[in-house]
Amino acid sequence: MRILVGVHQFFPYHYTGIERYVLNICKQLLRMGHFVKVLTYSIIDNTDFKKGLRMLYKEYVFEGVSVIALRHNDIPNDHSFCFELINDDLYNEVVNVIRENKFDIYHCAHPFRISASIKAAKDCGLKVVFMATDYWLMCPLGIMLRTDKVLCEGPDKGQNCLKFCFSHINTYEIEKRIKDSYELINSCDCLLSPSNFLIWLFDSAKYINKERFILSRHGFDYTKRSLNSKRLPDKEIIFGYIGTIQQHKGVHVMIEGFRRTKHKNIRLEVWGGYFNENRYYQDLIEISKEDHRIEFKGVYDFNDIGKILENIDVVIVPSIWYENAPLTISTSLAYLTPVITSNIGGMAEMIKDGYNGLTFKVGDPNDLSEKISLIADNPELIFKFKSNIQYPIRLEEEAFNTEQIYRSLLSIEQIVSSRFSYFE
Amino acid sequence: MNKNISRLKLKINKKYKEILEAYFPTGTKRRYFLALLKKGFYTIYREGLRGFLRKAKKKIIIKKKVSKEALDTVDLPSSIELFFVPNILPIKVSVIILTKNAGNEFDYILKKITNQKGISKIEIIIVDSTSDDATLEIAKRYTEKWFIIKSEDFHNSRTRNFAADKSSGDYLIFMLQDAIPGSNDLFYNMLFPMVTKDIHALTVKKVPRIDADLFSSWLIWQEYNYLDYSRDYIRNNKLFVDFSSLDLKDKVKYSFLDDVCLAINKEIFERHKFNYTYCEDLELGKRLIINGHNLMFVNSHAVVYSHNNDALYFLKRGCVNSYFIKEIFDCKMGERDFLEISNTIKVLIRYFVFALNTYYDIKSFDNDAIFYHYKYLNNLLNVGVELGNFNSNPFLKEKSQKILGFFSKLEPVQGISSSRYDIGVVNRLLNTYQDILNDFKQYCDILGYKKVDEEFLDSLFKLFCFSIGGYLGEELVNVDYFRGDL
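If you're matching them up, the sequences are chains A and B in order.
Counting from 0, one number per residue, gives the positions in the first sequence under numbering that gives the first Met the number 0.
Counting from 0, one number per residue, gives the positions in the second sequence under numbering that gives the first Met the number 0.
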């Protein structure tokens, strides 16, 4: 099969969970004998681009995976990307890419900046698989968190967007976005979601019927894993945060919760970079500087995650938005490290309170503090949680399931038809 | 102008699709015949009327040869249903694993086996060939049925038969120690057709691990490509009139069973058992199909399995496989002694490593560049260039020395006795290599692989050694030299 995988940004300049998901699935599909390329938008890199049909165009290889990066001559601002879902230039450029490479399948992992590629792929007769990695098609901010930091319950035909986040935008723009995004997602041949929560949210917001979704959990790359050899928390219990330090990730809630826990036998390691949120990061450093139990360890290399987790007894994931399927939780579970996390979204789906970890009331430092105290007073709970952890599925398993979905979409009859496509 | 044409094309295409859907809806017979008609015209357009008639004739013959009964597919749960918890099969399954230093992932694998859904009882039987690591300790956490044997007592068939004797399940699943179930309902999906339909033995597709190198991935791909196994496939003796009159490829295709992950009805296993030193799975498959049993290959479910072994391993593997396949399927066996041709092979390996220098300074390749080294190798041998000492890629040098060292150990006189070689051996070996290289090129083309790097060169070297192995297996009177460590 010839597969194009679309994502709004990609390595080497961007390396969050979604990019890693795309990289891993592409690597495995290549090993399984398929022709695979990544389609992405280059927002930072501007070197060695050639003139394409309507946009600038560059091909490069990252860790064995071929990447086609597109960018406009003048990059539109994020507002345009969020509200103009069918960008003509991108549409035509992607049609060109599909024609040149004769793809069979378009797998969209995130539509931000490249949403027009879904329409282009459909118009070229490709089967489109959409993996809903977050809520961007329903929420222009992507995280269903209002600007007043209250969790959003859905767009309500755009009324909530206008009221809480985009009061400066006219109704027509919001309504058009909702209409376009609704059409885009409904035009896809197969919808995948890594969590039941996301399916429920799209269904309850009347965006798309839950029956159309297939639950497809993200797989984990076990090949580099060395198991947490630390059997007993010795003198102190080490809690850890691993991820980007941004406000919606709730790092402030965790620091506050930790400071309110007065136990002497605990320590907190905070791993990760802060991207553009320097101010937020400085504020966190400021509030934690008097607590010597808290240590900011800086940016980490994902390849070193095993070593980092070897020294951590419990991982904290304090996000204040409905995380969908956080890589930090699946990584921790793969390394048999228990997790304390917020009691919402995909997080609560992965951690069952009191079974393989603990959950606390989202955004509530007092509740988090109680959970930390519970573990500090009863370190044996860590072993109980460890023994209950179920390993996340393997990456190879996820890729194989995805391949089966592609196969079921591409019947022999359709492959024959696609050869007679007008573009040939 | 071009843009307008492009837009117009899009519009026409869209309209065409709308009309197509309206009058020939997807999934209907009408649509199927339309596609068939299109395919016919397409073949005539590309290959002319003769090509079309040839293909049509072939298709009709295949349909006639294969009875409807044999092709009757089993109602397997579709891939979509993979994500739902299946019903429970009221059977007991014995999973048999032979171990020797099973490594880091063994605990993960046993946990994955224990967590299989949809089977009412699973027992694990482990026979360990005196591991030095924690294999046995891990095994004891998951089963009471563990046994230790001496390494030298290990035998591919006898040890598996011993484990089967200790089992109490209705069905047996033989797995390798590093084969990972591809899902939590793999066993259910394997045993469903065995319990509900008349399938007696079944094997599932292998999927390479994410850390598999180019060669290992190709090896799995080419196996299924060669056998034309791109879908779930049931075989029985209704597919042929006389097994012995089939060609070797068809014999292998129909007999194919793979004990990387193989399920079999226990009652039937007890009647047949494994009884071959190597390729014991294939030999069992041959007896089963000849005796009227139904075998199945499952493409829609998988087990994760691959090895990044070194070139010497693949040389030995290629040699032993081709030798025993010939023996199992009663082909004419080779008559040569290894020592007669060992010098030629060693000289050829040196020439091959030299020829790989063609790629010095090339970073990527296009079209036929994958054959550069092959053409260069042919020229070198035709001209008869004396190599003397040459500089090769250091990592290839190390790899080739390991193989040359292995060959030297087998000979009474050590080292390469001269640079003379048997041209007959060289020609046949190069023909074998060319076939495999063509296959490898096809794989690289599918992947769009164009990089000349260490992985690529390493893959070519392994391909060459694999070809040597295959050639030796066909030519030699016995392969005792190559059986160790497999």
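Each residue gets a CB set at the ideal place from its N, CA and C atoms; glycine is no exception.
Taking 6 Å as the limit between beta carbons, can you name the residues of its chain near residue i, skipping five residues before and five after?
i	result
residue 107 of chain A	5, 117, 129
residue 423 of chain A	Annotation note: pLDDT 26 at residue 423 of chain A (below 50); position unreliable, coordinate value reported separately. Taken in chain order, the list of residues that qualify is empty.
residue 47 of chain B	none
Please classify residue i: does DSSP put it in a helix, a strand, or coil?
i	result
residue 1 of chain A	strand
residue 295 of chain A	strand
residue 199 of chain A	helix
residue 487 of chain B	This structure gives no information on residue 487 of chain B, because the portion of chain B shown stretches from 0 to 485.
residue 108 of chain B	helix
residue 253 of chain A	helix
residue 217 of chain B	helix
residue 77 of chain A	helix
residue 372 of chain B	helix
residue 385 of chain B	coil
residue 286 of chain A	helix
residue 461 of chain B	helix
residue 335 of chain B	strand
residue 269 of chain B	helix
residue 136 of chain B	helix
residue 340 of chain A	strand
residue 443 of chain B	helix
residue 68 of chain A	strand
residue 421 of chain B	coil
residue 278 of chain B	coil
residue 234 of chain B	strand
Anything in chain B within Cβ reach of residue i, meaning under 9 Å, just list it in chain order.
i	result
residue 124 of chain A	12, 16
residue 220 of chain A	209, 210
Please list the terminal residues of the continuous alpha helix (DSSP H) segment that includes residue i.
i	result
residue 400 of chain A	394-408
residue 127 of chain B	Premise fails: residue 127 of chain B lies in the beta strand (DSSP E), 118-127, not in any alpha helix (DSSP H).
residue 241 of chain A	Not the alpha helix (DSSP H): residue 241 of chain A falls in the beta strand (DSSP E), residues 236-241.
residue 192 of chain B	185-195
residue 211 of chain A	Here residue 211 of chain A belongs to no alpha helix (DSSP H), and DSSP marks it neither H nor E.
residue 20 of chain A	16-30
residue 364 of chain A	364-376
Run through chain B and tell me which residues come within less than 7 Å of residue i, C-beta to C-beta.
i	result
residue 390 of chain A	107, 110
residue 399 of chain A	181, 206, 301
Given that residue i touches chain A, what residues does it touch there, using C-beta distances under 8 Å?
i	result
residue 179 of chain B	393, 395
Along chain B, which residues have their Cβ under 8 Å away from the Cβ of residue i?
i	result
residue 65 of chain A	447
In chain A, which residues lie with their C-beta within 9 Å of the C-beta of residue i?
i	result
residue 442 of chain B	32
Name, please, each residue of chain A whose Cβ falls closer than 7 Å to the Cβ of residue i.
i	result
residue 220 of chain B	32
Using C-beta distances below 7 Å, list every residue in its chain close to residue i, excluding the 5 sequence neighbours before and after it, in chain order.
i	result
residue 211 of chain A	190
residue 161 of chain B	126
residue 10 of chain A	18, 22, 61
residue 181 of chain B	206, 300, 301, 302, 303
Residues in its own chain within less than 8 Å of residue i by CB, not counting five upstream and five downstream?
i	result
residue 291 of chain B	235, 236
residue 186 of chain A	117, 118, 121, 127
residue 152 of chain B	128, 158
residue 381 of chain A	232, 236, 312, 313, 337, 374
Could you spell out where the beta strand (DSSP E) holding residue i opens and where it closes?
i	result
residue 356 of chain A	356-359
residue 174 of chain B	170-175
residue 181 of chain A	Element bounds for residue 181 of chain A: not the beta strand (DSSP E) but the alpha helix (DSSP H), 170-186.
residue 264 of chain B	260-264
Would you say residue i reaches chain D, if we count a Cβ-Cβ gap shorter than 8 Å as a contact?
i	result
residue 193 of chain A	Of the protein chains in the structure, A and B, none is chain D.
*Could you name the residues of the region 190-215 of chain B whose beta carbon sits closer than 8 Å to any beta carbon of chain A, in the order they occur along the chain?*
Residues passing the 8 Å Cβ filter: 206, 207, 208, 209, 210, 211.
*Check distances from the C-beta atoms of the region 0-34 of chain A to those of chain B and list, in chain order, the residues that come in under 8 Å.*
Taking 8 Å as the cut-off between beta carbons, the residues of the region 0-34 of chain A near chain B are 23, 26, 27, 29, 30, 31, 32, 33, 34, in sequence order.
*May I ask you to list, following chain order, the residues of the region 96-114 of chain B that have a beta carbon less than 9 Å from some beta carbon of chain A?*
Against chain A - using a Cβ distance shorter than 9 Å - the residues of the region 96-114 of chain B are 103, 104, 106, 107, 110, 111, 114.
*Got a sec: which bits of the region 299-318 of chain B sit with their beta carbon under 7 Å from any beta carbon on chain A, in order along the chain?*
Result list: 299, 301, 303.
*At a Cβ cut of 9 Å, what residues of the region 239-271 of chain A count as close to chain B, listed as they run along the chain?*
none
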